[in-house]
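Undergrad:
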Amino acid sequence: MSHHKLETKTINYVYPDGNKAVKDISFTIHHGESVGIVGANGAGKSTLLMLLMGVLFPSSGEVLVGDIHVTKKTLPLIRQRLGMVFQDPDDQLFMSTVYDDVAFGPRNYRYDEKEVESRVFQALEMVGILHLKDRPPFKLSGGEKRAAAIASVLSMQPDVLIMDEPTASLDPRSRRRVINLLNCFEHTKIITSHDLDMILDISRRVIVIKDGEIAADGESAEILADAELLDQCGLEVPISLQRCPKCGERFLTGRS
Amino acid sequence: MADFTSSLYNMRLMDELACKDTFVHKLHPLIKILTTIAYLFVVVSYDRHEIIGLLPMLFYPVVVFFLAELPIKQVLARLLLIEPFIIAIGILNPFFDSQVIIVGGFAISRGWITFASILLKSLFTITAALILICTTGMDKLAAGLRMLKVPRLFVLQLLLTYRYISVLIEEVSRSIRAYKLRAPQQKGIHPSVWGTLVGQLLLRTIDRAERVYQAMFVRGFTGEYYTGADTWVTLRDVAYFGGWLSFFILARMVNIPLMIGLLISGVIS
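Here the protein sequences come in this chain order: A and B. Count along the first sequence starting at 1, add 1, and that's the number in this note's numbering. Count along the second sequence starting at 1, add 1450, and that's the number in this note's numbering.
Now the structure itself:
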């Protein structure tokens, strides 16, 4: 399924103020893969996501979705395939009801209202908030907002889900719900986060970014257990991989 | 802070009222906009000394309030927010226009008449606008405006302002709370930081606007705003508009209170 492949070829991005946010980043993400992108604050994760989505264009290098180059011309096509969930759901839920918000994308692609409705219902059912469809977004709790934001992207039926900090500012139960939700999606997933335990739960592969460059790319269980590497990149071994202060055993063992 | 938070909830009252399912709510938004516009024009067209002739115009809000089952007290409370401005505009009239006229045996300055007329007109027009929003809701209102060929930029601006005013209010109240916690002895906010506070808010707003736009953009937004299937204007809608329009015209052409008065006095004598 090469058309679901996502590829970056030595992309660079320099902000107008001269800040080099992304340097020579190359990777290929295959169909169905779930990849965590981790790094300290300001490492360039968000810029990288913007480059993948075609909100920004690389100063040099290229981004390929399937076999299509991300350019201004191909954007409508690309955007249908890539769904992005923003860090702050308030940025993403701009309509006055949850239903309208989830319908926003499909309506922009001019599907007829029947198709829009079935997509909205399907998306809301997938994230388990169909009962909230007529509620205004500002009345939802943090976890519900997050679910609504995810539904608003699912309604476009994308091949690839891109998420910026999906568990940020959620309480433990809502966080767990989002993790379970993401785990049951078969989409290709690209997730940036500082919540390394979540990355460990969701993604088998992790890409560590440091100062705009790839510091490591490989198996999550391996990389996220490498205390020295993570420390250099301003990160910390996830709690589930740390050793228990009492017995010295790892909290989580037997993970492949 | 309580003011900010409560105003946030108050604002949403209109959304909740718009979700009702009465005869007026079911009317086509376009028809409701047109009726409101017609009403506004007629009310404003009255002479500035006219008060008695204006009174039949009260009929429209009263009837719609009743038909749409709107809570009179809560909606009129919103009216009070604007009333001080109206009073400020009209209060000088009695002083400038001090020509004395005799009304019902009392000598009063003509300025008071124009002041009362301004007050009544503002009361009527603002109530009509409130009724429109409370029975239609912002989304449908926007769809109606688009049908009237109002430029999409204005409509979009209206909708986004409405959606994000609550986010902005929250941000303002957070900033003020943070300020107050670190300046416990002060009453209010010192003028020296007004500039930076407003500047900060502006920058944050611009940042958010950028993110909202990106969120819209990645979901295929190209500038047109679709609110779903367009509904058609039905015969019932046309009848509603026609009924009110003829009433407005009749009330404008004929001084109904005067006629009723004459009728009654004729009967008595």
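Quick reminder that beta carbons are idealized off the backbone N, C-alpha and C, glycines included. Since we're looking at a predicted model, the values are computed, not measured.
Does the beta-carbon distance from A:Ile210 to A:Gly45 come in below 8 Å?
TA: yes
Undergrad: Look at the Cβ atom of A:Leu171, then the Cβ atom of A:Pro239, and state whether they are nearer than 8 Å.
TA: no
Undergrad: Would you say the segment 1605-1625 of chain B touches the segment 1654-1672 of chain B, given that touching needs at least three Cβ pairs under 8 Å?
TA: Enough Cβ pairs lie closer than 8 Å, so yes.
Undergrad: Could you work out which residue in B:Asp1687, B:Gln1524, B:Met1666, B:Trp1682 is closest to A:Pro90 when comparing CA atoms only?
TA: B:Met1666
Undergrad: At what residue ranges does the segment 32-104 of chain A contain a whole run of the alpha helix (DSSP H), taking only runs of 4 or more?
TA: 46-54, 76-82, 90-93
Undergrad: In chain order, what residues of the same chain lie with their CB nearer than 8 Å to the CB of A:Leu235, ignoring the 5 residues before and after it?
TA: It is worth fixing the name first, because residue 235 of chain A is Gly in this sequence and not Leu. If we look at A:Gly235 and ignore the five residues flanking it on each side, its Cβ neighbours are Gly40, Ala41, Asn42, Ala44, Lys211.
Undergrad: Using only the alpha-carbon positions, how far apart do A:Ser153 and A:Phe122 sit?
TA: 11 Å
Undergrad: When burial is assigned at 16 or more other CB atoms within 10 Å of the CB, is B:Met1451 buried or exposed?
TA: Unreliable positioning characterises B:Met1451 in this predicted model, as indicated by a pLDDT of 46, which lies under 50. A coordinate reading is not provided.
Undergrad: I'd like to know if B:Leu1463 contacts chain A, where contact means its C-beta is closer than 8 Å to some C-beta of that chain.
TA: no
Undergrad: Kindly indicate if chain A contains any beta-carbon less than 8 Å away from that of B:Met1451.
TA: Caution applies to B:Met1451, whose pLDDT of 46 falls short of 50 and renders its modelled position unreliable; the value that the coordinates give is listed next. No, because no Cβ of chain A sits closer than 8 Å to the Cβ of B:Met1451.
Undergrad: Which parts of the segment 1489-1564 of chain B are runs of the alpha helix (DSSP H), unbroken and 4 residues or longer, counting only runs that do not cross its ends?
TA: 1509-1517, 1522-1540, 1543-1546
Undergrad: Assign B:Cys1469 to one of two classes, buried (16 or more other C-beta atoms within 10 Å of its C-beta) or exposed (fewer than that).
TA: exposed
Undergrad: Rounded to whole angstroms, how far is the Cβ of B:Phe1565 from the Cβ of B:Pro1534, which I believe are closer than 8 Å?
TA: Contact doesn't hold; Cβ gap of about 14 Å is too wide.
Undergrad: Taking Cβ-Cβ distances shorter than 8 Å, what residues in chain A pair up with B:Arg1654?
TA: Ordered by position in chain A, no residue passes the 8 Å Cβ test against B:Arg1654, which lies about 12 Å from the chain.
Undergrad: Is there at least one non-hydrogen atom of the ligand ZN closer than 7 Å to the beta-carbon of B:Leu1598?
TA: For the structure depicted, the ligand ZN is absent and the ligand set is empty, with no information on it obtainable.
Undergrad: Could you give the residue range of the beta strand (DSSP E) that holds B:Val1600?
TA: Taken as a continuous stretch (DSSP letters only), B:Val1600 belongs to no beta strand (DSSP E), as it is neither H nor E.
Undergrad: When the distance is taken between beta carbons, is A:Pro138 closer than 8 Å to A:Asp160?
TA: no
Undergrad: Taking the alpha helix (DSSP H) that B:Tyr1663 falls in, what are its first and last residues?
TA: 1644-1667
Undergrad: So that I know if they touch, is there some Cβ in chain A lying closer than 8 Å to that of B:Gln1664?
TA: Yes, contact with chain A.
Undergrad: List, in order along the chain, the chain B residues whose C-beta lies closer than 8 Å to that of A:Val56?
TA: In chain order: Gln1664, Phe1667, Val1668.
Undergrad: By Cβ distance below 6 Å, which residues in the same chain neighbour A:His70 in space, the five residues on each side in sequence not counted?
TA: Glu63
Undergrad: What number of angstroms, rounded off, separates the C-alpha of B:Ile1552 from the C-alpha of B:Ile1558?
TA: 6 Å
Undergrad: Quick check: the segment 1521-1531 of chain B against the segment 1567-1582 of chain B, are there 3 or more CB pairs under 8 Å?
TA: yes
Undergrad: Counting only Cβ-Cβ distances shorter than 8 Å, please list the residues of the segment 1611-1642 of chain B near chain A, keeping chain order.
TA: Tyr1612, Arg1613, Tyr1614, Ser1616, Val1617
Undergrad: Is DSSP giving A:Ser156 helix, strand or coil here?
TA: coil
Undergrad: Jot down the residue ranges of each uninterrupted beta strand (DSSP E) in the segment 120-155 of chain A, minimum 3 residues, whole runs only, in chain order.
TA: Segments of the beta strand (DSSP E) lying fully in the segment 120-155 of chain A: there are none.
Undergrad: So, does the segment 1696-1709 of chain B touch the segment 103-117 of chain A, judging by three or more C-beta pairs under 8 Å?
TA: no
Undergrad: Kindly say whether A:Gly144, judged by its beta-carbon, lies nearer than 8 Å to any beta-carbon of chain B.
TA: no
Undergrad: Residues in the same chain with beta-carbon distance under 6 Å from A:Ala124, minus the five sequence neighbours each way, listed in chain order, please.
TA: Val103, Ala152, Leu155, Ser156
Undergrad: Rounded C-beta distance between B:Ile1734 and B:His1499? I'm assuming under 8 Å.
TA: The structure shown does not extend to residue 1734 of chain B, since chain B is modelled only from 1451 through 1719, so no value can be given for it.
Undergrad: Quick one: does B:Arg1661 have its CB under 8 Å from some CB of chain A?
TA: At a cut-off of 8 Å between C-beta atoms, B:Arg1661 counts as an interface residue with respect to chain A.
Undergrad: Tell me whether A:Lys115 sits in a helix, a strand or coil according to DSSP, three-state version.
TA: helix
Undergrad: Can you give me, in chain order, the residues of the segment 30-54 of chain A that have a beta carbon less than 7 Å from any beta carbon in chain B?
TA: Met54
Undergrad: Count the other CB atoms within 10 Å of the CB of B:Val1717; is the residue buried (16 or more) or exposed (fewer)?
TA: With fewer than 16 Cβ atoms within 10 Å of its Cβ, B:Val1717 is classed as exposed.
Undergrad: Let me check understanding here. Comparing Cα to Cα, which of B:Leu1712, B:Arg1602, B:Ser1567 lies closest to B:Thr1672?
TA: B:Arg1602
Undergrad: Within this structure, are the beta carbons of A:His5 and A:Gly84 separated by less than 8 Å?
TA: no
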